[in-house]
Every structure is written in C-alpha cells, then in structure tokens.
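Residues 979 to 1309 in my numbering are what the sequence shown lists, from first letter to last. Written out below as structure tokens is the structure these notes cover.
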Amino acid sequence: MKKIAVLTSGGDAPAMNAAIRAITLSCNYHQLQCVGFYHGYNGLIDDQYVEMEHFDVNPTLQQGGTILKSARCQAMLTSEGVIQACNTLRKHEIDALIVIGGDGSLRGLQAIKQHWEKQVIGLPGTIDNDLSGTDCTIGFATAVTTATHAIDKIRDTANAFERIFIVEVMGRHSGHIAFNVGIATGAEAIISFENFSADRALQKVTELLKAIDKQQHTHGSFLIVLAENLWPGGAQALKESLTEQGKVDSAICILGHIQRGGSPVPEDRNLGTELGLAAVDAIITGQDNVMIGREAGKVIATPLEQVINTAKPVSAHWVNAHQQQLTHYLK
Ligand code: ATP
C-alpha cells in the first residue's frame, strides 16, 4: 500500500485544515495510508508524526489554524537538516510528500527532492497570495474578508470623529492583501509595493496631505491602507511624517495576526478541499515536483521550479482602479 505524508509549513493560513482533511479522506477512499508530520519541517527532523484517519479530520473544516501545527524550521536551511528530513521519510517508507505552505515551504520541498527519490507535491497555503501557478492561495480569501470587516469597523469610528487612520495589513512582500482590502473598503489611499518606493516617501507624504486636505473639506474620514514591511519605520514613521509636514494628526491600527486566524470562508474551504483531492490524484497519476493550483476555474500542476522563480504581481488593473479613486481626491 502506498504511504503519503503531509505537513503544513510557514505562516499558517485558514483552510489548511480543509486541504489536510481532503488529503486524508481521499487517501482513505483510495486505500492509501496517510501520515501527518507536526510543526512544519521540524516534524520530519524530529520524527513527530501521526497516522491520519478520517475521524481525526472530519470536524476540522470550519477551524482556522492547522491541526498539524505549523512552524519555521531553521535546520532545513542546512544540507544536514534536509538529509535528516529525507532519512525520516525513508524510515517511515513514505512514497510521496505533500507540503502545504508558502514560497519558502516550497523551496524546502525542492531541497528535499534533491535528496529523496520519491514524489513531492506542493499546495499553495499562505494568506499572502504571492505564489504563481494559482489565482488564489488557500487562506487568502479569508484574510481579505477578516481585514475588510475590521476596516469597516474602523471606518465607522473614523467617520464619527472625522479621523485619518493608517491601517497596516499583512502580505509579507506583496500587495495582494493591501489592494484587495483597500479597494473593498474604499480606502482613500493604498500604499503598497506596487505604487511606492522608499526614495519617494517624501513625495508620497505630500500627495497624501493634499488628498487629506481635500477630503477634510467634505468632513469625512480618510483611510490609508499600508502594506507591512514597506514604509521605512512602519506606520508610526508615516504618522510622524504627516504630523511634521502637514500638522495632521492620525491614528494607527496594525491588524496583525487576526488576519491569519478565524474560521475559513467557504471559498477557502472549497479551494483547500479541491486542491487537497487533486494533490492525491496527482500522486496516483505519477506527477512529481509540481505545485497544484487553480487558474481560471481549472486545477493545474506547475513545476515547483517555475512557481518559486516566477513573481505574481498584483494585477495592474487593480493598481489603476485605486489610482483613479485617489486621483479623484487630487483634482
Ligand atoms: P509564509 O510566507 O506564508 O509565511 P512560507 O512558506 O513562505 O510561508 P517561510 O518562513 O519563508 O514561510 O518558509 C517556511 C519554512 O520553509 C522555513 O522555516 C524553512 O524550514 C523552509 N525553507 C524556506 N526556505 C528554504 C530553502 N531555501 N531551503 C530549504 N528550506 C527552506
């Protein structure tokens, strides 16, 4: 009987559980053995595992986080660590490994492939949506929904006090969350990797002050959605620049990890389920060294090499849509 292993790695993302559940149930259906390794790649290094059965996963569809736990694993960045992970896979006579995670986790999977002869399949599990080979990553829709609901609440209080708010959202080094959330909440400004560079910070502050001035004549709030890891000094530095250069006071809200948690929205549960089932099918049909994703409604397999080395920019259409909105305030 074939034995399939699964683990979740890197930042946890809502609906990783849906993918684990689908993999386990599909293994059950196809009479394959399923083993879960805990705490990302640490589970392979330290040999922490669990035999997966349908009763372990059935109640997990609506739960955020991951029942297999997730973690970063420094040891995987050394060849000794990778070899140790491969030895654990050999010890358990694993025939195929499925890793659910972001681009770092898929790099780890590639490193394993270099020292292990069996099949490896990646699934895109990250709230950041920064992986090519899929329109959306598992967890992205939930993160966008959570951040949108949070910002809607901030908007209420901002309106009441006619306040300027800087709301920092996650995304690591990409603007998918910033743009999707910013457009969904009608943010007056979205500052992200796609429309900002550190050497233009001063110019950006001037632009913002002009837009804020115009907006305040209409007695409204002004919402700035800021991507994390972007502005030199972060949201606090932007707030101070607005005060220093324009005598403008603003409030800060860093949404942080609430974007990673929570019950997954149906879109994510279904994506996790679809890709989890497809991952097992891919193993059965002999595919190897690929990530399974969904593009334009179709499940597709893309070589890991290509996924890792191809950027997925935010659509120019989104960036322009926002630009038009902002220009409205600058006229
Ligand atoms: P997210 O971006 O959503 O947090 P991620 O999978 O990109 O998810 P990382 O922290 O970049 O998160 O990577 C997760 C783990 O993958 C690392 O802790 C490490 O164990 C492994 N990993 C990352 N890069 C490599 C690499 N180049 N070689 C081997 N393993 C790697």
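No residue lacks a Cβ here, since even glycine has one placed at the ideal position from N, Cα and C.
| Query | Result |
| --- | --- |
| Residues near GLY1160 in its chain [Cβ-Cβ closer than 7 Å; skip 5 each side] | ILE1168, VAL1203 and HIS1300 |
| Alpha-carbon to alpha-carbon, MET1148 and ILE1278 | 27 Å |
| Whether THR1002 touches VAL1035 by CB criterion (7 Å) | yes |
| Status (buried if at least 16 other CB within 10 Å, exposed otherwise) for GLY1164 | exposed |
| Inter-residue Cα distance where the pair is CYS1051 and ARG1238 | 19 Å |
| ILE991 in three-state terms, based on DSSP | It is Ala, not Ile, that sits at residue 991 in the sequence shown. Coil, per DSSP. |
| Chain C contact for THR1056 (CB, 7 Å cutoff) | Annotation note: the requested chain C is absent from the structure, which comprises a single protein chain. |
| Simplified DSSP state of GLU1095, which is helix, strand or coil | coil |
| Residues near ILE1078 in its chain [Cβ-Cβ closer than 6 Å; skip 5 each side] | THR986, MET994, ALA997, LEU1101 and GLY1103 |
| Reference ALA991, options GLN1011, GLN1041, LEU1282 and VAL984, closest by Cα | GLN1041 |
| Three-way DSSP call (helix, strand, coil) for GLY1224 in this model | helix |
| For TRP1209, the nearest candidate out of ASP1191, GLU1172 and CYS1012 (CA to CA) | GLU1172 |
| Top-ranked residue by Cα proximity to ASP1025, from ALA983, ALA1000 and ASN1006 | ALA983 |
| Runs of beta strand (DSSP E) wholly within the stretch 1254-1301 (minimum 3 residues, chain order) | 1268-1273 and 1276-1281 |
| ALA1000 burial status per 10 Å Cβ neighbour count (16 or more: buried) | buried |
| 7 Å CB neighbourhood of ILE1261 in its chain, flanking five on each side removed | ILE982, ALA1074, GLN1097 and ILE1099 |
| Where GLN1026 falls: helix, strand or coil (DSSP) | coil |
| Residues bridged to LEU1201 [DSSP beta-bridge criterion] | PHE1143 |
| 8 Å CB neighbourhood of GLU1252 in its chain, flanking five on each side removed | ALA1000, ARG1272 and VAL1277 |
| Stretch pair the stretch 1217-1233 + the stretch 1179-1190: three plus CB contacts closer than 8 Å | yes |
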